[in-house]
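**Student:** Residue numbers (our numbering), protein chains in the order written: chain A, 242 to 676; chain B, 242 to 676. For each residue, glycine too, the CB sits at the ideal point set by N, CA and C. For clarity, every value in this text was computed on a predicted model and none was experimentally measured.
Here it is, written out as structure tokens:
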């Protein structure tokens, strides 16, 4: 792992961080790292997530999924942290045959069921509490669809949930293979656990590599941001937020890392979006969004940090010879598609730099070890940012309000949240009856 | 079309807009509407986009694609506005069989080629200038892949480009069916033209409906925001940006509208992200992102407007009976998946309202007419926001810098932009040779 912060320093960017300010911040990074290390050692809530790469037993996961053999198709039913980790890993590692239902949409679900080989699909249903409305509703639909297709859901389902709750009871009653969500770890920190690794195991992915990379990331943490890329990133984010760069554009320059950007956005937003602060993550994708968002990043408000995520190397795929003189530079025979997207990234960095817009580049390997390192390093960076801002990194109180309100609306049971919705008065413009 | 602005008013939200402020803004909406109407009537650059639903001839598009019959698979090769409109329309209308290559990624492109029935795939290559590097490089790869698969790209390609340029010359030389990109219309305003409608026509979609909806949207424009939902939305966005709500979360509550969110984000960012201002669009998706971003939206910095996009009705899909008492409210037999996601939306609106976070709800029909109305109404809203802020809505100068730099890097030819990259000094933390 590597970070280049040159384009975020005060000599180059406005706002920017001076090396003096970084040195002062570094005095706080030491104690904050000790706090994180202590939380890890003592298995404290949240901090213990950094211990997963050490604790998670790949053989235990393989044994659990062994009855299914090598799966042709895996369907994850979960939402938020219960689905994003698995999608991020299978996308980044190029494992075809994994899809997640992480939303409630009657139309798309039915279309998905028509497309999938339901009799051969292994369903991985994930909910820490076992009570998540969207996940349970979707799972009920998946069960029905499988049985309708002539399959048997009780033979095609593996469950990852907590020690008790409706899902656990269902797993016990139907004797389903199951794993446990890691204790003391919020979903967004659980990717490197059965939550994210079961689909990988079902598809024959390199879960040992992911765990190895996670251990490398933890081993790479140190008491100074100047030796530790993850903490350097946290410090830059923290310092820029205090200098009114309150938006963080997460921009991977590899299509297969698009879901990684979503994962980072959840990690950051849910962990640090509290007490009236926290960088707003903006999900972007290189090179596509150069043609969509770059205008704003370069010429809009000076309230943004752009975080580039780049692979260390790319496979060699030549661009075929062209018969167009005007675009000869594309088809001179030895220009590769990798050269093209690397040039796009370099050009985008430079265009932001020329406009004095702060940006940093994080570089990782694309293999399983590299992805595992990336996920855990970014979790550690998030923890450090939380320590520097002194927020409760591992809670998400604001999410719960909406959950209680939705449940209240659907059920008879009244709740403070649901009742508060009743007195809502609309101010509507436009005629509903227009059509 | 309908907008509910109750949750963005100053009595309810912080920041919020008072009705007095809206009345004052309305005095500027009248003249701004006259300006837009005059630009439309005189076919001025950009403004003329609102005339597309009237001018575009569906028969001309059908004749152009007639040689291909009803396509089983359509592959759009384009980037930014050249791809997003087509994806938005086919996704929203549930037309399976359309995919776009709108990025440069050697790995994913090759995986896509393996998956597609290349001999039966109709390729729609789109570039206004005909020189876009990513599009041309991808098209060269697609051509090679088709020929390798035993197809004949010259028999499977339809081109949409300007009156001249490399793509036009290629279309002429190989006698390919072709359409023209609309003159005087930036790509992000060209969805309701051959750029977005050709794939629809190939897949048997209702292009007349989309055009009808577009005409409805234009007919619905008026000189007062109090009679015109599109302008009301523009006024709310403008007023909130001036009150430091500088981020606009675009949150459709329908999975098939996810690409619509990306389309809106491009429209807004590229049109209004200039002169040091412009709302930063944040792409979100309901209900999924309640479990990812809502924590930040509700408890983070008070710098956000949340824009909900909701369908007027949803298909009736019952949630199967559940055997779990704990979640009985989901499976009481008559609760539908639509009830569930509607409850999630209502609960999320209420949770933001309870925290006094500004949010608005835009409601549209889900059919072709409704989607056409939505796209054109949002284009009109964007134009109005541009008038109210007095920016050059239809240019994107900051995008061009990166394009020239990338071309300079790939070719021998030196350019100011490419040369400026040479003197870049990195500040790297982390050991490249670590692994």
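#1: Less than 9 Å between CB atoms is the rule here; does residue 675 of chain B satisfy it with respect to chain A?
#2: Which residue's Cα is closest to the Cα of residue 263 of chain A: A:477, A:298, A:313?
#3: Looking at residue 338 of chain B: is its Cβ nearer than 9 Å to the Cβ of residue 360 of chain B?
#4: Please indicate yes or no: does the CB of residue 371 of chain A lie closer than 8 Å to some heavy atom of the ligand ZN?
#5: Taking CB distances under 9 Å as the criterion, tell me whether residue 284 of chain B reaches chain A.
#6: Taking its Cβ as the centre, do 16 or more other Cβ atoms sit within 10 Å of residue 435 of chain A, making it buried, or is it exposed?
#7: Name the chain B residues whose beta carbon is nearer than 7 Å to that of residue 449 of chain A?
#8: What residues in the stretch 482 to 498 of chain A bring their beta carbon closer than 7 Å to a beta carbon of chain B?
#9: By the DSSP assignment, the alpha helix (DSSP H) with residue 641 of chain A in it spans what residues?
#10: Should residue 348 of chain A and residue 318 of chain A be called a contact, given that it needs their Cβ atoms to be closer than 9 Å?
#11: Is the distance from the Cβ of residue 439 of chain A to the Cβ of residue 612 of chain A below 9 Å?
#12: Does the beta carbon of residue 556 of chain A sit closer than 9 Å to a beta carbon anywhere in chain B?
#13: List the residues of chain B whose Cβ lies closer than 9 Å to the Cβ of residue 576 of chain A, in chain order.
#14: For residue 492 of chain A, which of helix, strand or coil comes out of DSSP?
#15: At a CB-CB cut-off below 8 Å, which residues of chain A make contact with residue 761 of chain B?
#16: What residues of chain A sit near residue 348 of chain B, judged by a beta carbon separation below 7 Å?
#17: CA-CA distance, residue 252 of chain A and residue 259 of chain A?
#18: Could you check the C-alpha separation between residue 576 of chain B and residue 400 of chain A for me, to the nearest Å?
#19: Note down, in chain order, each residue of its chain lying with its Cβ closer than 7 Å to the Cβ of residue 678 of chain A, except the 5 sequence neighbours on either side.
#20: According to DSSP, is residue 250 of chain A helix, strand or coil?
#21: Am I right that residue 527 of chain A and residue 619 of chain A are in contact with their C-beta atoms under 8 Å? What's the rounded C-beta distance?
#22: So is residue 432 of chain A in contact with chain B if we call contact Cβ pairs under 9 Å?
#23: Hey, out of A:480, A:531, A:427, whose CA is closest to residue 246 of chain A's CA?
#24: State buried or exposed for residue 405 of chain A, treating a residue as buried only when at least 16 other CB atoms are found within 10 Å of its CB.
#25: Pick out whichever of B:282, B:456, B:350, B:596 has its Cα sitting closest to the Cα of residue 558 of chain A.
#26: Per DSSP, residue 421 of chain B forms a beta bridge with which residues?
#27: Relative to the alpha-carbon of residue 609 of chain B, which residue among B:413, B:441, B:542, B:269 has its alpha-carbon at the smallest distance?
#28: My assumption, with CB atoms under 8 Å, is that residue 538 of chain A sits in contact with residue 594 of chain A. Please give the rounded CB distance.
#29: Kindly give me the distance between the Cβ atoms of residue 254 of chain A and residue 472 of chain A, rounded to whole angstroms, as I take these residues to be in contact under 8 Å.
#30: May I have a chain-ordered list of the beta strand (DSSP E) segments no shorter than 3 residues that lie completely inside the stretch 444 to 499 of chain B?
#31: Quick check: what's the CA-CA separation for residue 377 of chain A versus residue 638 of chain A?
#32: With a threshold of 9 Å between beta-carbons, can residue 395 of chain A be considered close to chain B, or not?
#33: If you scan the stretch 551 to 631 of chain B from start to end, which runs of the beta strand (DSSP E) of 3 or more residues do you find wholly inside it?
#34: By the criterion of Cβ-Cβ separation under 7 Å, what are the contact partners of residue 467 of chain B in chain A?
#35: Roughly how many angstroms lie between the CA atoms of residue 390 of chain B and residue 357 of chain B, to the nearest whole one?
#36: Answer with yes or no whether the minimum CB distance from residue 369 of chain B to chain A is below 9 Å.
**Tutor:** With the structure as the only source:
#1: By 1-based counting over the second chain, the position of residue 675 of chain B is 434. Annotation note: pLDDT 42 at residue 675 of chain B (below 50); position unreliable, no value reported.
#2: Along the first chain, read from residue 1 onward, the residue named residue 263 of chain A stands at position 22. Out of A:477, A:298, A:313, A:477 has the C-alpha closest to the C-alpha of residue 263 of chain A.
#3: As a working mapping, residue 338 of chain B is identified with position 97 in the second chain. As a working mapping, residue 360 of chain B is identified with position 119 in the second chain. Result no, Cβ atoms of residue 338 of chain B and residue 360 of chain B do not sit closer than 9 Å.
#4: Of the ligands one can find in the structure shown there are none, so the ligand ZN has no counterpart to examine.
#5: One-based indexing of the second chain puts residue 284 of chain B at position 43. Residue 284 of chain B does not count as touching chain A.
#6: Taking the first residue of the first chain as position 1, residue 435 of chain A is located at position 194. Buried is the call here.
#7: Along the first chain, read from residue 1 onward, the residue named residue 449 of chain A stands at position 208. Under the 7 Å cutoff, chain B gives no residues; its nearest Cβ is about 16 Å from residue 449 of chain A.
#8: Those residues of the stretch 482 to 498 of chain A placed with their C-beta closer than 7 Å to a C-beta in chain B are 487, 488, 495, 496, 497, ordered along the chain.
#9: The residue you call residue 641 of chain A lines up with position 400 of the first chain. Unbroken alpha helix (DSSP H) run through residue 641 of chain A: 638 to 651.
#10: The residue given as residue 348 of chain A occupies position 107 in the first chain. The residue given as residue 318 of chain A occupies position 77 in the first chain. Not closer than 9 Å, so no.
#11: On the first chain, position 198 is the one that residue 439 of chain A refers to. On the first chain, position 371 is the one that residue 612 of chain A refers to. No, the Cβ-Cβ distance between residue 439 of chain A and residue 612 of chain A is not below 9 Å.
#12: Counting from 1 along the first chain, the entry for residue 556 of chain A is found at position 315. At least one chain B Cβ lies under 9 Å of residue 556 of chain A.
#13: Locating residue 576 of chain A in the first chain gives position 335, counting from the first residue. Residues of chain B passing the Cβ test: 378, 651.
#14: The residue labelled residue 492 of chain A in the question sits at position 251 within the first chain. Strand.
#15: Residue 761 of chain B is absent from the structure shown; chain B starts at 242 and stops at 676.
#16: Numbered from 1 along the second chain, position 107 holds the residue referred to as residue 348 of chain B. Ordered by position in chain A, the residues that pass the 7 Å Cβ test against residue 348 of chain B are 335, 497, 556.
#17: Position 11 of the first chain, counted from the first residue, corresponds to residue 252 of chain A. Position 18 of the first chain, counted from the first residue, corresponds to residue 259 of chain A. C-alpha separation (whole angstroms): 7 Å.
#18: For the purposes of this step, residue 576 of chain B is taken as residue 335 along the second chain, with counting starting at 1. For the purposes of this step, residue 400 of chain A is taken as residue 159 along the first chain, with counting starting at 1. Their backbone Cα atoms lie some 25 Å apart in a straight line.
#19: Limits of chain A in this structure are 242 at one end and 676 at the other, which puts residue 678 of chain A out of reach.
#20: For the purposes of this step, residue 250 of chain A is identified with residue 9 of the first chain, where counting begins at 1. Here residue 250 of chain A sits in strand by DSSP.
#21: For the purposes of this step, residue 527 of chain A is taken as residue 286 along the first chain, with counting starting at 1. For the purposes of this step, residue 619 of chain A is taken as residue 378 along the first chain, with counting starting at 1. Contact flag wrong, Cβ pair sits at about 18 Å.
#22: Position 191 of the first chain, counted from the first residue, corresponds to residue 432 of chain A. Chain B contact via Cβ: absent.
#23: Against the first chain, residue 246 of chain A aligns to sequence position 5. Ranking the options by Cα distance to residue 246 of chain A, first place goes to A:480.
#24: Residue mapping note: residue 405 of chain A aligns to position 164 of the first chain, counting from 1. With fewer than 16 Cβ atoms within 10 Å of its Cβ, residue 405 of chain A is classed as exposed.
#25: The residue you call residue 558 of chain A lines up with position 317 of the first chain. Checking every option, the nearest Cα to that of residue 558 of chain A belongs to B:350.
#26: Taking the first residue of the second chain as 1, we reach residue 421 of chain B at position 180. Answer is B:402, bridged to residue 421 of chain B.
#27: Here residue 609 of chain B refers to the residue found at position 368 when the second chain is read from its first residue. Selected option, being the one with the closest Cα: B:441.
#28: Along the first chain, one-based indexing puts residue 538 of chain A at 297. Along the first chain, one-based indexing puts residue 594 of chain A at 353. Not really, about 12 Å apart at Cβ, beyond 8 Å.
#29: Start at 1 with the first residue of the first chain, and residue 254 of chain A comes out as number 13. Start at 1 with the first residue of the first chain, and residue 472 of chain A comes out as number 231. With a Cβ gap of about 20 Å, residue 254 of chain A and residue 472 of chain A do not count as contacting.
#30: Look at the stretch 444 to 499 of chain B and you find these whole runs of beta strand (DSSP E), each 3 residues long or longer: 488 to 493.
#31: Here the question's residue 377 of chain A lines up with position 136 in the first chain. Here the question's residue 638 of chain A lines up with position 397 in the first chain. Using only the alpha carbons, I get a separation of about 21 Å.
#32: Reading the first chain from its first residue, position 154 is the one you call residue 395 of chain A. By this cut-off, residue 395 of chain A is not an interface position.
#33: 600 to 605
#34: Here the question's residue 467 of chain B lines up with position 226 in the second chain. Correct list: 670.
#35: As a position in the second chain, residue 390 of chain B is number 149, starting the count at 1. As a position in the second chain, residue 357 of chain B is number 116, starting the count at 1. Whole-angstrom Cα-Cα distance: 10 Å.
#36: Mapped onto the second chain, residue 369 of chain B falls at position 128. No, no contact with chain A.
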